[in-house]
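Sequences listed follow chains R and U, in order. Sequential numbering from 1 applies to the first sequence in the working numbering. Sequential numbering from 1 applies to the second sequence in the working numbering. Single-structure report; data block below.
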Amino acid sequence: MDLPAGTRNFSYAEDMAIFRTRTHWVLLVALLVVLFTAPLYLANYWLSVANLIGITIVAVTGLNLLTGYCGQLSIGHAGFIAVGAYTSAILNSRFGVPFPLALISAGVMSGLLGMVFGIPSLRVKGFYLAISTIAAQFIILWVIKHWTGMTGGFNGMSVPYMSIGNLTLRSEGNQFYLIMVVVVAVVFLAKNIARTRVGRAFIAIRDNDLAAEVMGINLFRYKLLAFFIGCFFAGIAGSLWAHWMRFIDADGFPFTSSILYIGMIIIGGLGTAVGPIFGAIFIRLLEERVLHLSGFTAGVAPMVFGAVIILFLIFEPRGLAHRWALFKSAYRLWPFSY
Amino acid sequence: MAELLQLVITGITVGMVYALIALGFVLVWKSSGVANLALGQLVLISSWFSYAMLDPQEANLPVWLGLPLVVLFALVMGWVIERIILRPLIAQPILSLITVTLGVAFFLEGLVTFVWPKSEAPMPHLFPQESISIGTASVSYESLWTVIIALILFGLLSLYFKYHRMGIAMRATADDQLAVQACGVPVTRIFSGSWMLACVLAAIGGFLISSIGGGINPGLMETGLRAFSVVILGGLDSFLGAIVAGPLIGLAENIGGYYLTPLTWQGVKYVIPFIIIIIVMFVRPYGLFGEKRIERI
Numbered sequence: 001m002d003l004p005a006g007t008r009n010f011s012y013a014e015d016m017a018i019f020r021t022r023t024h025w026v027l028l029v030a031l032l033v034v035l036f037t038a039p040l041y042l043a044n045y046w047l048s049v050a051n052l053i054g055i056t057i058v059a060v061t062g063l064n065l066l067t068g069y070c071g072q073l074s075i076g077h078a079g080f081i082a083v084g085a086y087t088s089a090i091l092n093s094r095f096g097v098p099f100p101l102a103l104i105s106a107g108v109m110s111g112l113l114g115m116v117f118g119i120p121s122l123r124v125k126g127f128y129l130a131i132s133t134i135a136a137q138f139i140i141l142w143v144i145k146h147w148t149g150m151t152g153g154f155n156g157m158s159v160p161y162m163s164i165g166n167l168t169l170r171s172e173g174n175q176f177y178l179i180m181v182v183v184v185a186v187v188f189l190a191k192n193i194a195r196t197r198v199g200r201a202f203i204a205i206r207d208n209d210l211a212a213e214v215m216g217i218n219l220f221r222y223k224l225l226a227f228f229i230g231c232f233f234a235g236i237a238g239s240l241w242a243h244w245m246r247f248i249d250a251d252g253f254p255f256t257s258s259i260l261y262i263g264m265i266i267i268g269g270l271g272t273a274v275g276p277i278f279g280a281i282f283i284r285l286l287e288e289r290v291l292h293l294s295g296f297t298a299g300v301a302p303m304v305f306g307a308v309i310i311l312f313l314i315f316e317p318r319g320l321a322h323r324w325a326l327f328k329s330a331y332r333l334w335p336f337s338y
Numbered sequence: 001m002a003e004l005l006q007l008v009i010t011g012i013t014v015g016m017v018y019a020l021i022a023l024g025f026v027l028v029w030k031s032s033g034v035a036n037l038a039l040g041q042l043v044l045i046s047s048w049f050s051y052a053m054l055d056p057q058e059a060n061l062p063v064w065l066g067l068p069l070v071v072l073f074a075l076v077m078g079w080v081i082e083r084i085i086l087r088p089l090i091a092q093p094i095l096s097l098i099t100v101t102l103g104v105a106f107f108l109e110g111l112v113t114f115v116w117p118k119s120e121a122p123m124p125h126l127f128p129q130e131s132i133s134i135g136t137a138s139v140s141y142e143s144l145w146t147v148i149i150a151l152i153l154f155g156l157l158s159l160y161f162k163y164h165r166m167g168i169a170m171r172a173t174a175d176d177q178l179a180v181q182a183c184g185v186p187v188t189r190i191f192s193g194s195w196m197l198a199c200v201l202a203a204i205g206g207f208l209i210s211s212i213g214g215g216i217n218p219g220l221m222e223t224g225l226r227a228f229s230v231v232i233l234g235g236l237d238s239f240l241g242a243i244v245a246g247p248l249i250g251l252a253e254n255i256g257g258y259y260l261t262p263l264t265w266q267g268v269k270y271v272i273p274f275i276i277i278i279i280v281m282f283v284r285p286y287g288l289f290g291e292k293r294i295e296r297i
């Protein structure tokens, strides 16, 4: 933990605190205030961009726990997001389940399915796992496309607004509040999962699963747990996505967006708490800007994304989170950087 | 029974092409340990390039000039990808190596849509359109030629690996990279060689499958992805496995697709390879002919 000069820890609680100094707390409060007053002064367009970024952060945080912390590469994340989106949409619109409950069920459903497709991870890793998650994505999308009775098939299905009790969130601004509450909760949860026994077990598995097992970590349990948590967040993101877009179809969750999610955690920084936030903001803003600047010419956006992923892997494999850490320590040590 | 024979023939033809594409993967995996997930996009872009070279409305080159140009394009593409993108990442963790090929995949896909904005195009036919009949089934000359070309390529490749200096060096690299380096073999040249060969195989595979499949369409990308099921079923590090598993996957896809469609939904044909992947993962992760790693985790 980087602390300013002169700040020392005298208790375990102090040592473990995420927000250690008064400056940390001031910055946190300032961030939350800025975040939750944003709808008052942001234009509708930027609010919708912010909502998209928020939903993406939720999804990518899940992927980061699975891939960044536990080292289980998943290239089918869009498939699990789709499961969440459809579960929530079907429960909410066909069976009248209230939205908050549908949100949680979407997460659980995705998580359980993720566990099923995660079972091969007990015997295989690396490339094999990547392929089996790709297969998972294609199987899931095929089922969604053809189970017309439930999902509407190729025609897609329309989804009601998000609502809590009698309160229906119609405007971007209102949805922004809900999405940001979820984002803050998910990021906080992920940060804390990574600091507990579970998170340390994940890291041990990532670094050397053989050694981890010898040390008494139950691989079966923890790998499946990683898949459950990662896909749970994906399901939550899917549910938010469905109720925010208010229309879903199977083409909304292509294989390329799975690649993009992987790209986001690479660009943000694998296995860091802030990585998914940086990655999601970077890619989504890039998407907005590139699409506008290129006048929506087909093909430019994927080319830019591909190039960005490649360049980051070659020149900055530790991602933006590493740059952020460098910036923080430079700020802390200024003007005596040695 | 008539349908069955027809399905068997189609299955073997398609499977041969899968096997060709999969061989390109195995080649790169064995020599450099890079998992090339951009297979589908390599297939796609080289099919479009051959369309641009051969189609009457595009460059309209004669076949004797067009096809060598396609092969040359594939060689250059393979060299560029290896030299610029994968060379700096030597000895990086497998996660980076897999992700960087995903980046390549993304880039190539964008490039294809950028250069050729239309999503479908006809593939010029090289072979006569007639077909000969075997019993009740009919075999088009095109599929016959596809199988023959695939078999010739398999033969050439196995000769290459057996007798050519470079081929032997590639096998040696796959076996023990350090020892090969100690013997003075330039390993980086082996890497670019394997990528160039893989791209050529993907180009030929793409050309064949789009000429028997009735043109170029975005589905070619998934063809490349389905070739992964061949790799997985055959075993990741086995040439023989790819050659055997290719037709097996083709057969399963076509026969299974025909008989399962009434029981399930349309398009079950195209997910069968993916279902096979999952099954193989559960039952026999190292594939039919792959090297069995004894590692308890």
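Every residue, glycine too, gets a C-beta built ideally from N, C-alpha and C.
CB contact flag (residue i, residue j, <7 Å)
{"i": "residue 194 of chain U", "j": "residue 27 of chain U", "result": "yes"}
{"i": "residue 64 of chain R", "j": "residue 254 of chain R", "result": "no"}
{"i": "residue 232 of chain U", "j": "residue 279 of chain U", "result": "no"}
{"i": "residue 321 of chain R", "j": "residue 272 of chain R", "result": "yes"}
{"i": "residue 268 of chain R", "j": "residue 318 of chain R", "result": "no"}
{"i": "residue 245 of chain U", "j": "residue 74 of chain U", "result": "no"}
{"i": "residue 190 of chain U", "j": "residue 31 of chain U", "result": "yes"}
{"i": "residue 224 of chain U", "j": "residue 43 of chain U", "result": "yes"}
{"i": "residue 83 of chain R", "j": "residue 110 of chain R", "result": "yes"}
{"i": "residue 105 of chain U", "j": "residue 20 of chain U", "result": "no"}
{"i": "residue 86 of chain R", "j": "residue 148 of chain R", "result": "no"}
{"i": "residue 167 of chain U", "j": "residue 234 of chain U", "result": "no"}
{"i": "residue 109 of chain U", "j": "residue 41 of chain U", "result": "yes"}
{"i": "residue 145 of chain U", "j": "residue 146 of chain R", "result": "no"}
Residue i versus residue j - alpha carbon distance
{"i": "residue 39 of chain U", "j": "residue 328 of chain R", "result": "41 Å"}
{"i": "residue 13 of chain U", "j": "residue 242 of chain U", "result": "14 Å"}
{"i": "residue 247 of chain U", "j": "residue 173 of chain U", "result": "28 Å"}
{"i": "residue 7 of chain U", "j": "residue 136 of chain R", "result": "26 Å"}
{"i": "residue 335 of chain R", "j": "residue 3 of chain R", "result": "16 Å"}
{"i": "residue 160 of chain U", "j": "residue 185 of chain U", "result": "17 Å"}
{"i": "residue 100 of chain R", "j": "residue 164 of chain R", "result": "7 Å"}
{"i": "residue 77 of chain R", "j": "residue 5 of chain R", "result": "42 Å"}
{"i": "residue 18 of chain U", "j": "residue 224 of chain R", "result": "33 Å"}
{"i": "residue 118 of chain U", "j": "residue 164 of chain U", "result": "42 Å"}
{"i": "residue 162 of chain U", "j": "residue 228 of chain U", "result": "25 Å"}
{"i": "residue 153 of chain U", "j": "residue 37 of chain U", "result": "22 Å"}
{"i": "residue 188 of chain U", "j": "residue 125 of chain R", "result": "26 Å"}
{"i": "residue 192 of chain U", "j": "residue 246 of chain R", "result": "48 Å"}
Beta-carbon contacts of residue i that lie in its chain and below 8 Å, excluding the five residues immediately before and after
{"i": "residue 48 of chain U", "result": "112, 115, 116, 121 and 216"}
{"i": "residue 155 of chain U", "result": "none"}
Distance between beta carbons of residue j and residue i, contact taken as under 8 Å
{"i": "residue 202 of chain R", "j": "residue 69 of chain R", "result": "4 Å"}
{"i": "residue 226 of chain U", "j": "residue 273 of chain U", "result": "4 Å"}
{"i": "residue 237 of chain R", "j": "residue 59 of chain R", "result": "4 Å"}
{"i": "residue 206 of chain U", "j": "residue 220 of chain U", "result": "6 Å"}
{"i": "residue 250 of chain R", "j": "residue 141 of chain R", "result": "5 Å"}
{"i": "residue 284 of chain R", "j": "residue 56 of chain R", "result": "6 Å"}
{"i": "residue 199 of chain U", "j": "residue 33 of chain U", "result": "The pair is not a contact, with the Cβ atoms about 18 Å apart (cut-off 8 Å)."}
{"i": "residue 314 of chain R", "j": "residue 88 of chain U", "result": "5 Å"}
{"i": "residue 147 of chain U", "j": "residue 16 of chain U", "result": "5 Å"}
{"i": "residue 263 of chain R", "j": "residue 103 of chain U", "result": "7 Å"}
{"i": "residue 53 of chain R", "j": "residue 130 of chain R", "result": "With a Cβ gap of about 26 Å, residue 53 of chain R and residue 130 of chain R do not count as contacting."}
Own chain, CB closer than 6 Å to residue i, minus 5 neighbours either side, in chain order
{"i": "residue 23 of chain U", "result": "201 and 242"}
{"i": "residue 140 of chain U", "result": "131"}
{"i": "residue 107 of chain R", "result": "232, 235 and 236"}
Cβ-based neighbour list, residue i, same chain, cut-off 7 Å, excluding 5 preceding and 5 following
{"i": "residue 59 of chain U", "result": "52 and 53"}
{"i": "residue 90 of chain U", "result": "none"}
{"i": "residue 103 of chain R", "result": "88, 236 and 239"}
{"i": "residue 137 of chain U", "result": "2, 5, 6 and 9"}
{"i": "residue 297 of chain R", "result": "none"}
{"i": "residue 83 of chain U", "result": "192"}
Notebook entry, point to check: If you pair each beta-carbon of the segment 256–274 of chain R with each one of the segment 295–314 of chain R, do three or more pairs fall below 8 Å?
Noted result: Yes, they touch.
Next item on the list: Flag this pair as touching only if the segment 67–78 of chain U and the segment 239–253 of chain U have three or more C-beta atom pairs under 8 Å; answer yes or no.
Entry: Touching, no.
Note to self: Can you confirm whether the segment 146–166 of chain R touches the segment 84–100 of chain R when touching is taken to mean that 3 or more C-beta pairs between the two stretches lie within less than 8 Å?
What the structure shows: Touching, per the Cβ criterion.
Check: On the three-pair Cβ rule with 8 Å, is the segment 39–58 of chain R touching the segment 296–306 of chain R?
Finding: By the Cβ test, the segment 39–58 of chain R is not in contact with the segment 296–306 of chain R, since fewer than three Cβ pairs between them sit closer than 8 Å.
Check: Do three or more CB pairs link the segment 194–208 of chain R to the segment 110–128 of chain R at distances below 8 Å?
Finding: Short answer: they don't touch.
Check: Given 8 Å as the limit, is there contact between the segment 166–180 of chain R and the segment 28–47 of chain R, that is, 3 or more CB pairs closer than that?
Finding: In short, these stretches touch, since the Cβ pair count reaches three.
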